[in-house]
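What follows is a set of notes on a single structure, which appears directly below.
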Amino acid sequence: DGGITQSPKYLFRKEGQNVTLSCEQNLNHDAMYWYRQDPGQGLRLIYYSQIVNDFQKGDIAEGYSVSREKKESFPLTVTSAQKNPTAFYLCASKAGGEQYFGPGTRLTVT
Amino acid sequence: KQEVTQIPAALSVPEGENLVLNCSFTDSAIYNLQWFRQDPGKGLTSLLLIQSSQREQTSGRLNASLDKSSGRSTLYIAASQPGDSATYLCAVNSGGGADGLTFGKGTHLIIQP
């Protein structure tokens, strides 16, 4: 089955800790994206990568970092510098102009 | 900066009705527009993609239209069913040097059995 997987589904961390969210795709798509969703708000773009070893900041990149060492993988690190990290994080990839989303990771930081 | 607005924010209708969800965007220079469905606690499912050169797209009971010059899109759902209950999201790709979608806040749809 082709698709996008995100793990884990739920993640809990203490304030001040960095945490890395996984995103893997076997769709052979070049472009990948990270979005954040908060209650009552639209999804907002954190980072995107159009090709391996290259990535760009989105609208809300502060406090986040990414890497793109393999075409299939685009992990997102939420650092301790992110002031409001609790949110639902969604990964996506794109082909033919259409974006496809993974199931999401709900991160709770206390 | 592109902004996307969806009206209404919530809608509840009896099963079997035809309904229209609205999406507007402030910058008409878009590359494409995509409609998604999101069930509670889940990721997004792509419903329809309309390229900027197209006027509409259809998939089963769904029809999406695009009027780029006026900055509007509508999603028409025919013969609604309880399984259509979900949040529907509109998103635009403005292209240019930046990539990624700009999303509206969604329309929360409830279909009453």
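Residue numbers (our numbering), protein chains in the order written: chain A, 1 to 110; chain B, 1 to 113. Glycine included, every Cβ here is placed at the ideal spot set by N, Cα and C.
Legend entry - Touching by the beta-carbon criterion (3+ pairs, under 8 Å), the segment 6-18 of chain B and the segment 32-51 of chain B: no
Legend entry - Distance between K83 of chain A and P20 of chain B (C-alpha atoms, nearest Å): The sequence shown places Val at residue 20 of chain B, rather than the Pro named in the question. In a straight line, the C-alpha of V20 of chain B is about 38 Å away from that of K83 of chain A.
Inset, instruction - Give a yes or no on whether the minimum CB-CB distance between G71 of chain B and chain A is below 8 Å. - result: no
Inset, instruction - Give a yes or no on whether the minimum CB-CB distance between F101 of chain A and chain B is below 8 Å. - result: yes
Inset, instruction - Check the DSSP bridge columns for I4 of chain A and list the partner residues they point to. - result: A:Q25
Legend entry - S65 of chain B (DSSP reduced to helix, strand or coil): strand
Inset, instruction - Spatial neighbours of S7 of chain A within its chain, please: CB distance less than 6 Å, with the 5 preceding and 5 following residues excluded, ordered by chain position. - result: S22
Legend entry - Interfacial residues, the segment 7-30 of chain B to chain A, with Cβ spacing under 8 Å: none
Inset, instruction - Answer yes if the segment 46-57 of chain B comes into contact with the segment 84-98 of chain A, meaning at least three C-beta pairs across the two stretches below 8 Å, and no otherwise. - result: yes
Legend entry - CB contact below 8 Å: R51 of chain B versus chain A: A small fix is needed here, since residue 51 of chain B is Gln in this sequence, not Arg. At least one chain A Cβ lies under 8 Å of Q51 of chain B.
Inset, instruction - Classify G104 of chain A as buried or exposed, calling it buried when 16 or more other Cβ atoms lie within 10 Å of its own Cβ. - result: buried
Inset, instruction - Measuring only between beta-carbons, confirm whether Q50 of chain A sits less than 8 Å from chain B. - result: yes
Inset, instruction - Indicate the three-state DSSP secondary structure (helix, strand or coil) for D84 of chain B in the structure shown. - result: helix
Inset, instruction - Return the residues of the segment 29-42 of chain A that lie within a Cβ-Cβ distance of less than 9 Å from chain B, sorted by chain order. - result: A31, Y33, Y35, Q37, G40, Q41 and G42
Inset, instruction - State yes or no: is the beta carbon of G16 of chain A nearer than 8 Å to at least one beta carbon in chain B? - result: no
Legend entry - Buried or exposed (CB count within 10 angstroms, at least 16 for buried), S59 of chain B: exposed
Legend entry - Partners in chain A for N63 of chain B, counting only beta-carbon separations shorter than 9 Å: Result: empty, since nearest Cβ-Cβ is about 17 Å, beyond 9 Å.
Inset, instruction - Taking all protein chains shown into account, decide if Y47 of chain A is buried (16 or more other Cβ within 10 angstroms of its Cβ) or exposed. - result: buried
Legend entry - Proximal residues of chain B, C-beta to C-beta of L107 of chain A below 9 Å: Near L107 of chain A there are no residues of chain B at all, since even the closest Cβ is about 13 Å away, more than 9 Å.
Inset, instruction - Compile a chain-ordered list of the residues in the segment 83-102 of chain B whose CB is closer than 8 Å to at least one CB of chain A. - result: L89, A91, N93, A98, D99, G100, L101 and T102
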